Amino acid sequence: MKLRSILLIVWALFALLSHAYGEIRFCPKEMTLDGSCPLGTSGESCFLEFLNRLGASAMPMNCSCKDDPSHNKRQCTCNVVCNT
């Protein structure tokens, strides 16, 4: 009886919390930075730049880097948690 009550409470808390927090939504975000994309990093430099500027709560992922050699700039794009 006691075990059943504990399991019921744990299940109810889990159900309540899973609805309260829901799924995390990611949105694309761009940054224009000085310099060119480092060779062989495949977006790692952009990931680190987003992490440094927005913090870990932004959870950057799927980052890419695109050079703009005419202006000595690079375009970084990452998916981050929306509204950060």
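With mature numbering (1 follows the signal peptide of the UniProt record, and there is no 0) applied, the sequence shown covers -22 to -1, 1 to 62. Idealized CB from N, CA, C, for every residue including glycine. Just so you know, these numbers come straight off a predicted model, no measurement behind them.
Closer than 6 Å by C-beta to residue i: which residues in its own chain qualify, once you throw out the five before and the five after it? Chain order, please.
i: Ser5; result: Here the sequence assigns Cys to residue 5, which means Ser is not the residue at that position. Here the set comprises Cys60.
Assuming residue i is part of the beta strand (DSSP E), what are its boundary residues?
i: Asn50; result: Careful: Asn50 lies outside any beta strand (DSSP E) and carries neither H nor E.
i: Leu11; result: Phe4 to Asp12
Name the residue from the options whose alpha carbon lies nearest to the alpha carbon of residue i.
i: Asn50; options: Pro16, Ile(-17) and Arg3; result: Pro16
i: Met39; options: Asp45, Arg52, Gln53 and Cys24; result: Cys24
How would you label residue i, buried or exposed, when you count the other beta carbons within 10 angstroms and need 16 or more for buried?
i: Pro47; result: exposed
i: Gly18; result: exposed
Assign residue i to one of three DSSP states: helix, strand, or coil.
i: Asn57; result: strand
i: Cys24; result: helix
Ignore the nearest five residues each way along the sequence and tell me which others in residue i's own chain have a CB closer than 7 Å to its CB.
i: Thr62; result: Residue confidence is low: Thr62 scores 49 on pLDDT, short of 50, so the model does not pin down where it sits. No coordinate-derived value is stated.
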